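Novice: When we follow our numbering, the leftmost residue of the sequence shown carries the number 235, and every step to the right adds one.
Ideal Cβ positions, reconstructed from N, Cα and C, are used throughout, including at glycine.
Just so you know, these numbers come straight off a predicted model, no measurement behind them.
Take this structure, written in structure tokens, and hold onto it; I'll ask about it next.
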Amino acid sequence: MQYLQQLQHLFETRPIEEALKETTQLFPGKVRFSSSVGQEDQVLTDIIARHNIDINIFTIDTGRLFNEAYETLDKTTARYKINIDVYFPQAAGVQQLVKETGVNGFYESVPNRQACCSVRKVEPLNRALQNTAVWITGLRASQNDHRKNIPVVEWLGDKEIYKINPLLHWSFEDVLQHLSTYNVPYNPLHDKGFISIGCAPCTRAIEPGEDPRAGRWWWEASHKECGLHLVK
């Protein structure tokens with residue numbers, strides 16, 4: 235974690251595109267951005283692509299995504315002429331999960347849901363981050379209580395990786411403004427009340443005034459996290 239203070243200073247004092255470029259110079263070929271093709275992630279994809287920053291972009295296909303997510307991914311790669319690596323869960327893990335809990339067992343208990351997220355999201359993420367020094371995400375502090383307490387740059391000891399959240403202090407309005415200004419492709423479900431979009435069976439539209447992540451795993455009173463961004 236010898237670069238922690240240097241990275242923190244970069245993202246505190248430089249525009250995002252400059253800070254990201256300098257990060258790739260510190261860690262050539264070792265910076266990866268995980269995109270769910272949500273609005274925040276589309277902002278970062280736009281910044282990375284328009285400024286030709288050497289950051290590998292990847293996404294996770296859980297096998298239960300909305301069709302609109304695939305359409306957005308297709309439009310994004312066509313628009314920016316970039317490759318986005320797609321990681322899938324291990325077939326054996328999914329088969330065992332379904333055997334033990336059923337196809338939709340995640341509705342029955344929080345442990346079942348967490349097991350599903352672990353197999354379909356966390357395991358592919360861990361594979362995607364192998365041989366990576368810096369993990370870029372589109373997290374924002376206002377998304378939920380857990381995220382408001384994380385720093386822009388953090389060291390994850392369990393993964394031995396720097397995690398950088400460049401949009402952490404952006405407002406939702408900032409995100410929308412960027413999408414509009416640069417005509418960035420985004421998931422049309424966002425215009426139908428789906429603010430935070432995950433797997434189709436686990437996501438619903440929210441009502442005016444609801445928490446942005448109220449539509450995720452709405453049937454349970456949890457931290458509204460799948461495990462990707464929870465520090466062990």
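(1) Helix or strand or just coil, what does DSSP make of Ser-352?
(2) For Asn-399, is the classification buried or exposed, using 16 other Cβ atoms within 10 angstroms of its Cβ as the cut-off for buried?
(3) Using only the heavy atoms of the ligand GTP, determine whether one of them is closer than 6 Å to the beta carbon of Thr-306.
(4) Just to confirm my understanding: we take Ser-269, look at its own chain, exclude 5 residues before and 5 after, and list those with CB closer than 8 Å. What are they?
(5) Name the DSSP beta bridge partners of Glu-342, please?
(6) Can you tell me whether Gln-239 is buried or exposed, with buried defined as 16 or more other CB within 10 angstroms of its CB?
(7) Does DSSP put Val-368 in a helix, in a strand, or in coil?
(8) What first and last residue would you give for the alpha helix (DSSP H) that runs through Thr-258?
(9) Return the residue from the list Gly-443, Phe-428, Asp-445, Glu-444 that minimises the CA-CA distance to Thr-437.
(10) In chain order, what residues of the same chain lie with their CB nearer than 7 Å to the CB of Arg-313, ignoring the 5 residues before and after it?
(11) Can you tell me the Cβ-Cβ gap for Leu-359 and Gln-273, rounded? I've got them flagged as a contact below 8 Å.
(12) Near Leu-244, what residues of its chain come up, given a Cβ to Cβ distance below 6 Å and the 5 sequence neighbours on each side ignored?
Specialist: On the basis of the supplied data:
(1) helix
(2) buried
(3) Inclusion of the ligand GTP in the displayed structure is not the case, the ligand content being empty and no account of it being possible.
(4) Asp-275, Gln-276, Leu-278, Thr-279, Ile-291, Phe-292, Thr-293, Ile-318, Gly-372
(5) Answer is none; Glu-342 lacks a bridge partner.
(6) exposed
(7) strand
(8) 250–260
(9) Phe-428
(10) Pro-419
(11) The Cβ separation is near 20 Å, so there is no contact.
(12) Ala-253, Glu-256
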